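Colleague: Counting the sequence shown from 1 gives a position; the numbering used here is that position plus 17.
Ideal Cβ placement from N, Cα and C applies to all residues, glycine included.
Predicted model only: the values in this text are computed from it and were never measured.
Please see the structure below; I have some questions.
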Amino acid sequence: MKNRPSIDPPHLTNTNLMRTDFAAADRQKFLQLPPCRVRSKRTDLAPGLPARGIWMTDVSAMDRRSVKAQLAGRAGWRVTWWAWNCRLHALLRPQASLEQTMYAFHQRHHTLTLGWLQYRQEYRAIVLATRYHGPLAGLRCALEQIQQSTGETR
Numbered sequence: 018m019k020n021r022p023s024i025d026p027p028h029l030t031n032t033n034l035m036r037t038d039f040a041a042a043d044r045q046k047f048l049q050l051p052p053c054r055v056r057s058k059r060t061d062l063a064p065g066l067p068a069r070g071i072w073m074t075d076v077s078a079m080d081r082r083s084v085k086a087q088l089a090g091r092a093g094w095r096v097t098w099w100a101w102n103c104r105l106h107a108l109l110r111p112q113a114s115l116e117q118t119m120y121a122f123h124q125r126h127h128t129l130t131l132g133w134l135q136y137r138q139e140y141r142a143i144v145l146a147t148r149y150h151g152p153l154a155g156l157r158c159a160l161e162q163i164q165q166s167t168g169e170t171r
């Protein structure tokens, strides 16, 4: 082992402080311990993609937003959706800043997403009413939904 300066506080100076290895004894004791084997369970992050632990595992293959997924052809339509909205906003408001464009993008995205979810919910209600109670009940359900959306009441 190297000549180590004493760790006594009176012997520590600015010149030997940075060269003093305070954890040398602990490290040597740890290195002399017998190695222990840890059994790992076989788990997969995705089909054919084994996970050997939580830390240092590349999970980008599962994420549709990642560059790896885009290169492999498994990406979502996020980039296309953003580019289309940017072009639309540039046509409607050519002087808008990037911040205004991003705000309008998220406003449009949330409006379309919530509208689509409401449409699916209403459509499902009509289909279920038609399936379980007949076509007249389905028509009645559709008419009630139209009245509710226009604000009319009986």
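Whole angstroms is fine: what's the gap from H28's alpha carbon to P51's?
Modeller: Taking the straight line joining both Cα atoms gives about 35 Å.
Colleague: For A146, does the count of other Cβ atoms within 10 angstroms reach 16, so buried, or fall short, so exposed?
Modeller: With 16 or more Cβ atoms within 10 Å of its Cβ, A146 is classed as buried.
Colleague: Where does the unbroken alpha helix (DSSP H) through Q45 begin, and where does it stop?
Modeller: First-last of the alpha helix (DSSP H) with Q45: 41-48.
Colleague: With DSSP collapsed to three states, give me the class of L29.
Modeller: It is coil, neither helix nor strand.
Colleague: For L115 and Y140, what's the separation of their Cα atoms in angstroms?
Modeller: About 37 Å.
Colleague: So does the stretch 104-118 actually touch the stretch 131-139, counting three or more Cβ pairs closer than 8 Å?
Modeller: Segments in contact, no.
Colleague: Identify the continuous alpha helix (DSSP H) that holds A100 and give its terminal residues.
Modeller: Segment 95-109, the alpha helix (DSSP H) holding A100.
Colleague: Going by the CB atoms, is the gap between Q164 and A142 shorter than 9 Å?
Modeller: Contact: no.
Colleague: A89 by DSSP, collapsed to three states: which one?
Modeller: A89: coil per DSSP, three-state reduction.
Colleague: Express the C-alpha separation of R82 and W99 in angstroms, rounding to a whole number.
Modeller: If you take the alpha carbons of W99 and R82, they lie about 13 Å apart.
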